[in-house]
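One structure is given below, encoded as C-alpha cells.
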Amino acid sequence: MADKITYSIVEEIGVVSGSGSWGLELNQVSWNGKPAVFDLRKWSDSHEKMGKGVTMSYQELVNLRDIINEYLEKEEDE
C-alpha cells in the first residue's frame, strides 16, 4: 500500500484560470512536511482534491519567468 501524501498550502499566490469548481493555481505548497515549493496545478474550490501539477524551486520559477518574458517579447516584435 502506498504511503499517504500530505500537503499544506503555505501561500496562495494566484489563480491562473478557473473552470467551474476547479481552478489552475500557483501556490507555495509543503509536500509531506518538506520545505515549500512553488506548485502549479488544478485544485478544487475546497483544496481537498487536486489534479496533476508541476512543482518548482524558486530558481526554476525565476528561469520559467525569464523564458516566458523572452517568448512574449519576441511575439510582440512580430
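In case it helps, this note's numbering puts the sequence shown at residues 20 to 97. Ideal Cβ positions, reconstructed from N, Cα and C, are used throughout, including at glycine.
With respect to the beta strand (DSSP E) encompassing residue i, which residues constitute its N-terminal and C-terminal limits?
i          : result
residue 58 : 56-63
residue 49 : 41-50
From residue i to residue j, what does the alpha carbon distance come to, in whole angstroms?
i          : j          : result
residue 51 : residue 93 : 40 Å
residue 34 : residue 85 : 20 Å
residue 53 : residue 21 : 18 Å
residue 67 : residue 28 : 11 Å
residue 41 : residue 24 : 20 Å
residue 65 : residue 75 : 23 Å
In three-state DSSP terms, what is residue i?
i          : result
residue 24 : coil
residue 68 : coil
Over what stretch of residues does the alpha helix (DSSP H) that includes residue i continue unbroken?
i          : result
residue 92 : 77-96
State buried or exposed for residue i, treating a residue as buried only when at least 16 other CB atoms are found within 10 Å of its CB.
i          : result
residue 97 : exposed
residue 30 : exposed
residue 58 : buried
residue 44 : buried
residue 81 : exposed
residue 46 : buried
residue 48 : buried
So, is the C-beta of residue i closer than 8 Å to a C-beta in chain D?
i          : result
residue 70 : Considering every chain present, this structure includes no chain D. It has just one protein chain.
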